[in-house]
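**Q** One structure, pasted below without further comment.
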Amino acid sequence: MKPKLCIHPLTIPFFIFMGASNYKRGFFVLYTFIFLHELSHFAVSLLLKERVSAFKLLPWGCMLSLSSIPDRKHSIFIFLAGPLFNLLMYFFGIYPRENLALALFNLMPVAPLDGGVIVNCIFGKFAFYFSLLFILCVVLFSVKHHLPLMLPILLTALLLIGEKNRFEKNVSARILGYFKGKM
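Numbering (the working numbering), first residue to last: 7 to 189.
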């Protein structure tokens with residue numbers, strides 16, 4: 007099965023809008039490295055013989071969808087590929103600030119970011135607590151250095167959204183298992 011290329015309906019209008027703005031250079035540089043970051047995930051998925059169902063272009067970035075959930079080892083390799091690509095570009099001096107920012111942002115241990123998936127593979131059911139501890143450290147750092155709390159708020163929202171999905175799946179599985187046992 008060949009992977010589908012999906013383009014979000016707002017992507018093209020957003021590109022046109024950003025192309026007309028004063029931020030076009032920065033936007034297109036950043037989007038290019040986000041695209042290459044995601045292609046790194048794609049390449050490693052293919053090397054590990056994992057099936058990719060879709061490559062999605064979104065107004066705010068790109069996303070790779072796998073057909074099935076790979077084992078822990080493969081997941082770690084796949085999700086490390088993107089940040090490692092950005093770090094490699096950083097060390098070669100190719101838009102170092104942008105690539106370092108992308109690598110560090112994606113390595114944050116909060117789902118659905120790459121770091122969140124890696125932490126989940128390593129710590130399993132304790133990943134939530136590790137992510138929560140990370141957010142607490144970011145909040146304390148932000149307060150100590152009088153920084154805006156926007157990043158901790160964003161990270162908390164991401165964490166809760168990711169955990170909400172996992173919680174709903176666990177509850178659905180338990181309810182289904184309960185009724186299957188009754189039949």
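Glycine is no exception: its CB is placed at the ideal position from the N, C-alpha and C atoms.
What residue range does the alpha helix (DSSP H) around leucine 72 cover?
**A** Counting along the chain, leucine 72 falls outside any alpha helix (DSSP H), though it belongs to the beta strand (DSSP E) covering 67-72.
**Q** Leucine 70: which of Gly32, Phe98, Asp120 sits nearest, CA to CA?
**A** Nearest option by C-alpha distance: Asp120.
**Q** Tell me the DSSP bridge mates of leucine 63?
**A** Answer by DSSP bridge pairing, in chain order: Ile13, Cys68.
**Q** Quickly, what does DSSP pair valine 58 with across the bridge? List them, please.
**A** Answer is Leu72, bridged to valine 58.
**Q** Can you give me the start and stop residues for the alpha helix (DSSP H) that leucine 146 sits inside?
**A** Its alpha helix (DSSP H) spans residues 133-150.
**Q** Excluding sequence positions up to five away, which residues of its chain have a Cβ less than 8 Å from the Cβ of proline 191?
**A** Outside the shown range of the chain (7 to 189) lies residue 191, about which nothing can therefore be said.
**Q** For serine 51, which option in Gly88, Phe20, Gly67 has the closest C-alpha, if you only look at C-alpha atoms?
**A** That would be Gly88, whose Cα lies nearest to the Cα of serine 51.
**Q** Within the same chain, show all residues whose beta-carbon is closer than 6 Å to that of proline 15, passing over the 5 residues directly before and after it, in chain order.
**A** Nothing meets the Cβ criterion.
**Q** Where do the N-terminal and C-terminal ends of the alpha helix (DSSP H) with lysine 79 fall, by residue?
**A** 78-97 is the extent of the alpha helix (DSSP H) around lysine 79.
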